[in-house]
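Student:
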Amino acid sequence: MPHADVSPAPRAPLFRGPRFWFPALAGVTAALAGVGAAELTAALFAPTAGPIVAIGALLIDLAPAGVKDFMIAVFGTADKIALIVLIGLVLFVLALLAGVLEYRRPPFGRVLVVVAGAIALFAALSRASASSFDALPSVVAMAVAAIVLTVLMTKLRVPGLLEGERPPGRLTLTGERAPDREAGLDRRRFLTWTGVSAGIGFLALVGGQVKLAGTRAADAARALFTLPTASVTAAPIAAGASFDIDGLAPIITPNADFYRIDTALQVPRIDPTQWRLKITGMVENEVELGFADLLALPLEESVTTLACVSNYVGGDLIGNAKWLGYPIRELLARAKPTADADMVLSTSQDGFTAGTPIEALTDERNAILAVGMNDEPLPLEHGYPVRMVVPGLYGYVSATKWVVELKLTRFDQEKGYWTPRGWSALGPVKLQSRIDVPRATAPLTAGPITVAGVAWSQHVGVSGVEVQIDDGDWASATLADAISIDTWRQWMFTWNATSGGHTVRVRATDAEGLVQTAATADVAPDGATGHHAISVNVS
Ligand SMILES: Nc1nc2c(c(=O)[nH]1)N[C@H]1C(S)=C(S)[C@@H](COP(=O)(O)O)O[C@H]1N2
Ligand SMILES: [Mo]
1 MPHADVSPAP RAPLFRGPRF WFPALAGVTA ALAGVGAAEL TAALFAPTAG
51 PIVAIGALLI DLAPAGVKDF MIAVFGTADK IALIVLIGLV LFVLALLAGV
101 LEYRRPPFGR VLVVVAGAIA LFAALSRASA SSFDALPSVV AMAVAAIVLT
151 VLMTKLRVPG LLEGERPPGR LTLTGERAPD REAGLDRRRF LTWTGVSAGI
201 GFLALVGGQV KLAGTRAADA ARALFTLPTA SVTAAPIAAG ASFDIDGLAP
251 IITPNADFYR IDTALQVPRI DPTQWRLKIT GMVENEVELG FADLLALPLE
301 ESVTTLACVS NYVGGDLIGN AKWLGYPIRE LLARAKPTAD ADMVLSTSQD
351 GFTAGTPIEA LTDERNAILA VGMNDEPLPL EHGYPVRMVV PGLYGYVSAT
401 KWVVELKLTR FDQEKGYWTP RGWSALGPVK LQSRIDVPRA TAPLTAGPIT
451 VAGVAWSQHV GVSGVEVQID DGDWASATLA DAISIDTWRQ WMFTWNATSG
501 GHTVRVRATD AEGLVQTAAT ADVAPDGATG HHAISVNVS
């Protein structure tokens, strides 16, 4: 009887020893195989329904406003990578648990797999653009993980394989010699199965990502697309609009450096030949147009600064670009909104919405449906093929990327995405200024030091910027020329610094004489206020 069971089995500690690690390894392997199979299925059949992305998207939609602020504050534009890592860690722990449960209390490990799969399924199907195909990856994940887990368990449940903590070969409690060679062999057999399953899972995961990257119609279309020429071109940026100061934000933000904020864990990929915009709701004529129709209209260039309401004082969730697009005002005129409509609810292909006052879209400002950004088609992550850009309003109430519908409605009937989540329904950009140089860590020596930054008061314009050193008097900075009232303005100040520690503060004044308030306000519900200050050490 080489496989005599040891009874009573010595109590193994819960989280140590082979009775924990082997089943845990089986659980993690099953999860890896399941997720790998699901991501590959997603890449082939349902590109936006991979379980990780679907769960992440659901979490983003469910997250209370404070969590969003926290993620942005801590991780900045890497908030999405942080979220994926977090989901991966939770999944890892759940997988360990499923393995141990399945070994000790079958079938609860498989029950856990099914529950996790059901959550992914719910997440995938609850997305705005979900189709029934989107169920596939989660179902595959569930099935593959359950099967791999079951198979690995049969490999583990060989008597003698995991008994107690004894190294193979030592005397057992009953005085018999453990079947060391067989146990060693069985363990190796189990590890082989584990290695092969994990390897296949990993390859499927990588394969899925490669496939996703390779077959994106939107990427290909964007690469082939050349922007039409503008019928109204923006004046070239005058030399006087820009100081040549190392470390100062350039007057035009390159696309690659432009901040990105959205709820899309996976960037929507829209085939422009399929793109349509509908103007619906409280209108006399519904209007619908395709991408080619939009491109055939006389497009206009404009330079507009875009700011995020989540930008804390001194933060970098703001950028300035030259956009190419068509005035929304003209399209609304075709649709003829009824007199009682006061909001345009714009919807993106992935279900994000923004509520914009009609006035901001119909007055003289350059509120556009943009197709170009800095002489390029919109980058995918900035809304390709079409987004809104509205000077003077924070992005969350105006700058809908991947836009597919403009619905004329009323503020007392509809709310944009962020409004029920703790943000104001109206979001005019607040008067602000920022110090870009010197950096807090730069080595500084006594004598003249260049202090410089940007200031903005969108749709009003900046008329002055002042700098204060410690508790001294506010002193006027030199302003670069304004491009327009809708763009930020650079400023600089030469500070005759003495050695020691100092605080440098900035404040702006707008074209209506309003001085930027020192009172601090949080980013929620409608944008941060307060003066940006930096501490420096001068030697
Ligand atoms: N579809 C979609 N559009 C969106 C958002 C979004 O989450 N989804 N976020 C808005 C917010 S909060 C901001 S600040 C701007 C940011 O635009 P950017 O990423 O191009 O800088 O996009 C806006 N448009
Ligand atoms: Mo934003």
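Position 432, counted from 1, in the sequence shown is what full-length UniProt numbering calls 432; the numbers after and before it change by one each time, with no gaps. Beta carbons are placed, not taken as given, at the ideal position from N, Cα and C, and that holds for glycine.
1) Going by C-alpha distance, which of L514, G27, A37 and V404 is nearest G351?
2) If I'm right that E284 touches K336 with Cβ under 8 Å, what's the distance once you round it to whole angstroms?
3) Following the continuous beta strand (DSSP E) through M388, name the residue where it begins and the one where it ends.
4) Could you tell me whether the Cβ atoms of residue 542 and E466 are closer together than 9 Å?
5) Who sits around ligand 2, taking every residue whose Cβ is closer than 7 Å to one of its heavy atoms?
6) Would the stretch 96-110 count as touching the stretch 147-161 if we require 3 or more Cβ pairs under 8 Å?
7) Is it true that the stretch 135-148 meets the stretch 20-34, where meeting means three or more beta-carbon pairs spaced less than 8 Å apart?
8) Can you give the Cα-Cα distance for W21 and L96, rounded to whole angstroms?
9) Any contact of the stretch 296-315 with the stretch 222-234, i.e. 3+ C-beta pairs under 8 Å?
10) Return the Cβ separation of S433 and A508 in integer angstroms, given the expectation that the two are a contact with Cβ distance under 8 Å.
11) Could you tell me whether the Cβ atoms of P385 and F258 are closer together than 9 Å?
12) Looking only at its own chain, which residues have a Cβ that is under 6 Å from the Cβ of V313, when we skip the five neighbours before and after it?
13) Check whether the Cβ atoms of W418 and V454 sit closer than 9 Å, and answer yes or no.
14) Between which residues of its own chain and P106 is the CB-CB distance below 8 Å, once the five residues before and five after are set aside?
15) Can you find the residues in the same chain that come closer than 7 Å, C-beta to C-beta, to T362, ignoring five residues on each side of it along the sequence?
16) What residue range does the beta strand (DSSP E) around residue 541 cover?
17) What three-state label does DSSP hand G56 in the structure shown?
18) Would the beta-carbon of T400 be found less than 8 Å away from any heavy atom of ligand 1?
19) Measuring alpha carbon to alpha carbon, tell me which residue in V437, V462, L408 and D375 is nearest E512.
20) Do the stretch 372-382 and the stretch 418-431 meet, that is, are 3 or more Cβ pairs less than 8 Å apart?
21) Assuming M388 contacts S346 under a Cβ cut-off of 8 Å, what Cβ separation, rounded to an integer in Å, is found between them?
22) Given a threshold of 16 other Cβ atoms within 10 Å of its Cβ, counted over all protein chains shown, does residue 540 qualify as buried or as exposed?
23) Which residue's Cα is closest to the Cα of E301: V460, G17, E376 and A339?
24) Hey, which unbroken runs of the beta strand (DSSP E) at 3 residues or more fall wholly within the UniProt domain "Oxidoreductase molybdopterin-binding" (265-418)?
25) Flag this pair as yes or no: are the beta carbons of P47 and R189 separated by less than 9 Å?
26) Can you list, in chain order, the residues of its chain with a C-beta nearer than 8 Å to that of L203? Leave out the 5 residues immediately preceding and following it.
27) Whole angstroms is fine: what's the gap from E165's alpha carbon to R19's?
28) Please classify F25 as buried or exposed, where buried requires at least 16 other C-beta atoms within 10 Å of its C-beta.
29) Please name the residue in P272, D244, K211 and L265 whose C-alpha comes closest to that of L224.
30) Which term fits T305, buried or exposed, when burial requires 16 or more other beta carbons within 10 angstroms of its beta carbon?
31) Could you tell me which of G325, K407 and N255 sits nearest to P357, measuring between CA atoms?
32) How big is the Cα-Cα spacing for D316 and A135?
33) Could you pull the start and end residues of the beta strand (DSSP E) that R434 belongs to?
34) Please classify D134: does DSSP put it in a helix, a strand, or coil?
35) Output needed for F108: all residues of its chain with C-beta closer than 6 Å, excluding positions within five of it in sequence on either side, in chain order.
36) Specify the secondary structure class of G195 as computed by DSSP and reduced to three states.
Tutor: Checking against the coordinates, here is how it stands:
1) On the sequence shown, residue 351 is found 351 positions in, with the first residue counted as 1. The shortest C-alpha separation from G351 is found at V404.
2) The residue labelled residue 284 in the question sits at position 284 within the sequence shown. The residue labelled residue 336 in the question sits at position 336 within the sequence shown. With a Cβ gap of about 4 Å, E284 and K336 count as contacting.
3) Along the sequence shown, read from residue 1 onward, the residue named residue 388 stands at position 388. Per DSSP, M388 belongs to the beta strand (DSSP E) from R387 to V389.
4) Since the first residue of the chain shown is 1 and the last is 539, residue 542 is not available in this structure.
5) I261, C308, V309, S310, L317, Y394, G395 and Y396
6) yes
7) yes
8) Position 21 of the sequence shown holds residue 21. Position 96 of the sequence shown holds residue 96. So the two alpha carbons sit approximately 9 Å from each other.
9) yes
10) Along the sequence shown, read from residue 1 onward, the residue named residue 433 stands at position 433. Along the sequence shown, read from residue 1 onward, the residue named residue 508 stands at position 508. The Cβ separation is near 4 Å, so the contact holds.
11) Within the sequence shown, the letter at position 385 stands for residue 385. Within the sequence shown, the letter at position 258 stands for residue 258. Against a cut-off of 9 Å, the Cβ pair of F258 and P385 comes out as no contact.
12) By one-based count along the sequence shown, residue 313 stands at place 313. Correct list, in chain order: A528, G530 and H532.
13) As a first step, residue 418 must be located in the sequence shown, where it is residue number 418. As a first step, residue 454 must be located in the sequence shown, where it is residue number 454. Taking 9 Å as the Cβ cut-off, W418 and V454 do not qualify as a contacting pair.
14) Counted from its first residue, the sequence shown places residue 106 at position 106. Result list for P106: M153, in chain order.
15) The count along the sequence shown starts at 1 and reaches residue 362 at position 362. Closer than 7 Å at Cβ, skipping near neighbours: R329 and L332.
16) Since the first residue of the chain shown is 1 and the last is 539, residue 541 is not available in this structure.
17) Along the sequence shown, read from residue 1 onward, the residue named residue 56 stands at position 56. It is helical.
18) What you label residue 400 is simply residue 400 of the sequence shown in a count that begins at 1. Within the cutoff, so yes.
19) Start at 1 with the first residue of the sequence shown, and residue 512 comes out as number 512. The shortest C-alpha separation from E512 is found at V462.
20) no
21) Residue 388 sits at position 388 when you count from the first residue of the sequence shown. Residue 346 sits at position 346 when you count from the first residue of the sequence shown. Contact flag correct, Cβ pair sits at about 6 Å.
22) There is no way to answer for residue 540, as the model of the chain reaches only from 1 to 539.
23) Here residue 301 refers to the residue found at position 301 of the sequence shown. Nearest C-alpha to E301: E376.
24) 276-281, 287-290, 300-307, 318-327, 343-348, 353-357, 368-373, 387-389 and 403-409
25) Position 47 of the sequence shown holds residue 47. Position 189 of the sequence shown holds residue 189. Cβ atoms of P47 and R189: not closer than 9 Å.
26) As a position in the sequence shown, residue 203 is number 203, starting the count at 1. These residues qualify, in order along the chain: G36.
27) By 1-based counting over the sequence shown, the position of residue 165 is 165. By 1-based counting over the sequence shown, the position of residue 19 is 19. Unreliable positioning characterises E165 in this predicted model, as indicated by a pLDDT of 42, which lies under 50. A coordinate reading is not provided.
28) Along the sequence shown, read from residue 1 onward, the residue named residue 25 stands at position 25. At residue 25 the sequence reads Leu, which differs from the Phe that was named. The residue in question, L25, is buried, as its Cβ has 16 or more Cβ neighbours within 10 Å.
29) The residue given as residue 224 occupies position 224 in the sequence shown. Comparing Cα-Cα distances from L224 to each of P272, D244, K211 and L265, the minimum goes to P272.
30) Walking along the sequence shown from the start, residue 305 turns up at place 305. Burial call: buried.
31) Here residue 357 corresponds to residue number 357 of the sequence shown, with the count starting at 1. If we check each option's Cα against that of P357, K407 comes out closest.
32) For the purposes of this step, residue 316 is taken as residue 316 along the sequence shown, with counting starting at 1. For the purposes of this step, residue 135 is taken as residue 135 along the sequence shown, with counting starting at 1. Each residue's alpha carbon lies about 38 Å from the other.
33) Here residue 434 refers to the residue found at position 434 of the sequence shown. R434 -> beta strand (DSSP E) spans Q432 to V437.
34) Along the sequence shown, one-based indexing puts residue 134 at 134. DSSP places D134 in helix when its eight states are reduced to three.
35) Counting from one through the sequence shown, the residue named residue 108 turns up at place 108. The answer, listed in chain order, is L101.
36) Mapped onto the sequence shown, residue 195 falls at position 195. It is helical.
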